[in-house]
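Working notes for the structure below.
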Amino acid sequence: AAKAANKGGVMYFSREMNNHLQESMWLDGGLRQALQEGQFSLHYQPQVCLRSMQAASVEALIRWQSTERGMVPPLSFIRYAEDSGLIKQIGRWVIREAMAQARRWSTLPQPLRISVNLSARQLGDPELLSDFMAAMQQHGFTQSPLDIELTESCIASDEARTIEIMSAMRALGVNIHLDDFGTGYSSLSQLTRLPLQVIKMDQSFIRAIPADARSMALLRSMVAVAQQLDFQIVAEGVETDSQLDFIREIGVDLAQGYHFARPMPADQLEQWLRQHGKP
Ligand code: C2E
Ligand code: MG
Ligand code: MG
Ligand code: MG
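The number in UniProt numbering is simply the position in the sequence shown, starting from 1, with 380 added.
The structure is reproduced here in C-alpha cells:
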C-alpha cells in the first residue's frame, strides 16, 4: 500500500511514507544544525585486555544531543546520514574530535588507542585520506593514534578499492578492525585477502552465551580460526560473568561491554581508568 498516487497533479502518500518522509526531513535539518551548532559529542567505551585485565584501547561512539529530542541514539540517524551523504561531514567531525582527544590523552603514562567507526560511504570518499592526514598534522602526530572499525558491508562494495584505501591507512599507522563479524556474508578465508588486524565478534554471539549451544560452538570455532590466522579478537557486548568466562576460555583477546563499562564522556573515562588501575 506504500505507493504514491498522482491524482490531478496532487500527490497522495500512504501514512507510512509520509511519516518516513517527515522523519527524513527532520533528520536532514537536525543533522545540519547539529554540525553547525556543535551538538555532537563522542563517548568512549574501554576495550579490556583479558590477559592483563587493563584497558588497552577505547571505542569512540557518536552522541547527538538534539535541542528538540534530547539524546538521539546513532542507530536512528547514522542510516539517514549515510543515505544523504551527510556522513562525510559527520565522519570528518568524528575523526577531528577523536584526534584532538588522542592528543589530550597522549600525556597518560600508557598509550590508549582510540577506534573510530567508519561507514562504507566514508571509505569511498576520495577526501578521507587527506582529511585524516590533516587531522593528524593539526595535532602533531606522525603516526596515527586512531584505529578504524569497518563492517563487512564496506568491503562488499568494491574490494580492490577498499584494499587500496585500507593499505594507505595502514601506512599512516592505523590498525583496521572488522566490526560486527559474523552478521554478514564474508568468510574468514576471504578476510585473509584484506589488511585487517582485529576481528570484533558480533554482539549476537555473545548474547547467545550461555543458553544457545550452537551459537556458542560457532563462536568457538570462529575464534579458533581467527587465532590461526593471527587476528586479534575482540568480543563486544559482554555483560555477564558467564559470558566473560566463556570468551576467555575460547581465547578471545579483548572484551568490551557493560560488564566493564558503558560508553562515557572523556572526563568520566579518565576517572574510570584511574579506578581500574590504568594509568
Ligand atoms: P558498533 O560500532 O557495533 O558499537 C557497539 C554498540 O554496542 C554501541 O552502541 C555500544 O554502546 C553498544 N554496546 C556496548 N557494550 C554493550 C553491551 O554490553 N550491551 C549492549 N546491549 N550494547 C552494548 P551505540 O553507541 O548506540 O552505537 C550503535 C552503532 O552506531 C555502532 O555499532 C556503529 O555502527 C554506529 N556508530 C556509532 N558511532 C558512530 C560513528 O561515529 N560513525 C559511524 N559511521 N557509525 C557510528
Ligand atoms: Mg564499532
Ligand atoms: Mg559492533
Ligand atoms: Mg555496528
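Quick reminder that beta carbons are idealized off the backbone N, C-alpha and C, glycines included. Bear in mind that the values here come from a model prediction, so they are computed numbers and not experimental data.
Residue i beta carbon near ligand 1 (any heavy atom closer than 7 Å)
i, result
"GLY409", "no"
"ARG498", "The question names Arg, but residue 498 is Leu in the sequence shown. Yes."
"TYR638", "yes"
"LEU441", "yes"
"PRO454", "yes"
"ILE494", "no"
"ILE458", "yes"
"GLN425", "yes"
"PRO645", "no"
"GLN583", "yes"
"GLY471", "yes"
"VAL474", "yes"
"GLU507", "no"
Those residues which DSSP pairs with residue i across a bridge
i, result
"TYR424", "ALA440 and MET644"
"LEU509", "According to DSSP, which records beta bridges pairwise, LEU509 is partnered with nothing at all."
"ASN497", "GLU529"
"CYS429", "LEU634"
"ILE579", "LEU558 and ILE613"
"GLN445", "MET451"
Collapsed DSSP secondary structure at residue i in the structure displayed
i, result
"GLU462", "helix"
"residue 352", "Here the chain comprises residues numbered 381 to 659, so residue 352 is not present and cannot be evaluated."
"PHE521", "coil"
"SER394", "coil"
"GLY410", "helix"
"ALA435", "strand"
"HIS639", "coil"
"VAL603", "helix"
"residue 361", "Not covered by the structure: residue 361. The range shown for the chain is 381 to 659."
"HIS400", "helix"
"residue 357", "Outside the shown range of the chain (381 to 659) lies residue 357, about which nothing can therefore be said."
"SER569", "helix"
"GLU650", "helix"
"PHE457", "coil"
"GLN655", "helix"
"ALA480", "helix"
"THR563", "coil"
"ASP625", "helix"
"ILE589", "coil"
"LEU488", "coil"
Ligand 3 heavy atom lying under 7 Å from the CB of residue i
i, result
"GLU616", "yes"
"LYS468", "no"
Residue i: CB within 7 Å of a non-hydrogen atom of ligand 2
i, result
"ASP559", "yes"
"GLU417", "no"
"GLU529", "yes"
Cβ-based burial, residue i [other Cβ within 10 Å; buried from 16]
i, result
"GLU448", "exposed"
"ASN399", "exposed"
"MET602", "buried"
"LEU407", "buried"
"ALA593", "exposed"
"ASP647", "exposed"
"residue 662", "The first residue shown for the chain is 381 and the last is 659, placing residue 662 beyond what the model contains."
"GLN582", "What sits at residue 582 in the sequence shown is Asp, not Gln. Buried: at least 16 other Cβ atoms inside 10 Å."
"LEU649", "buried"
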